[in-house]
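In the numbering used here, the protein residues as written are 4 to 101.
Single-structure report; data block below.
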Amino acid sequence: MTETPTPGEKRPAPLTEAEATRLAHRAVDMAGGARMIYRNPRQPFSFNSRKEYEIDGQTIEVRWGEISSPAIVTAGGYVFEIHENGIELLIRPPKPRG
Numbered sequence: 004m005t006e007t008p009t010p011g012e013k014r015p016a017p018l019t020e021a022e023a024t025r026l027a028h029r030a031v032d033m034a035g036g037a038r039m040i041y042r043n044p045r046q047p048f049s050f051n052s053r054k055e056y057e058i059d060g061q062t063i064e065v066r067w068g069e070i071s072s073p074a075i076v077t078a079g080g081y082v083f084e085i086h087e088n089g090i091e092l093l094i095r096p097p098k099p100r101g
């Protein structure tokens, strides 16, 4: 579901894959680095299992993994899995039908 901006609100331009990757790396570094996120899973009910960062006008979300789910970072519709040594692209945003 896409959010519609309120009148007068500017919607950020769609991100390219390279820009989303750069922002995702920055957010992971701000959260303590890939190794720290990967090695410190959270409980599903934990209040600190996710954190949002505002970077270059984009909201980037880092989610710590749990026992049965990977740690991920999302940037502009792109979803990256966080591994011990970095991130890997999992999902690209859907392309508009035209």
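Note that CB positions come from ideal geometry on N, CA and C, so glycine has one too.
**Message:** Quick check on the burial criterion: 16 or more other C-beta atoms within 10 angstroms. Buried or exposed for Thr19?
**Reply:** exposed
**Message:** Report the CB separation of Val76 from Ile63 in whole angstroms; it is logged as a contact under 8 angstroms.
**Reply:** 7 angstroms
**Prompt:** Under 8 angstroms between the Cβ atoms of Gly79 and Ala23?
**Reply:** yes
**Request:** For the beta strand (DSSP E) containing Glu91, list its first residue and its last residue.
**Result:** Gly89 to Ile94
**Message:** For Lys98, count the other beta carbons within 10 Å of its own beta carbon; 16 or more makes it buried, fewer makes it exposed. Which is it?
**Reply:** exposed
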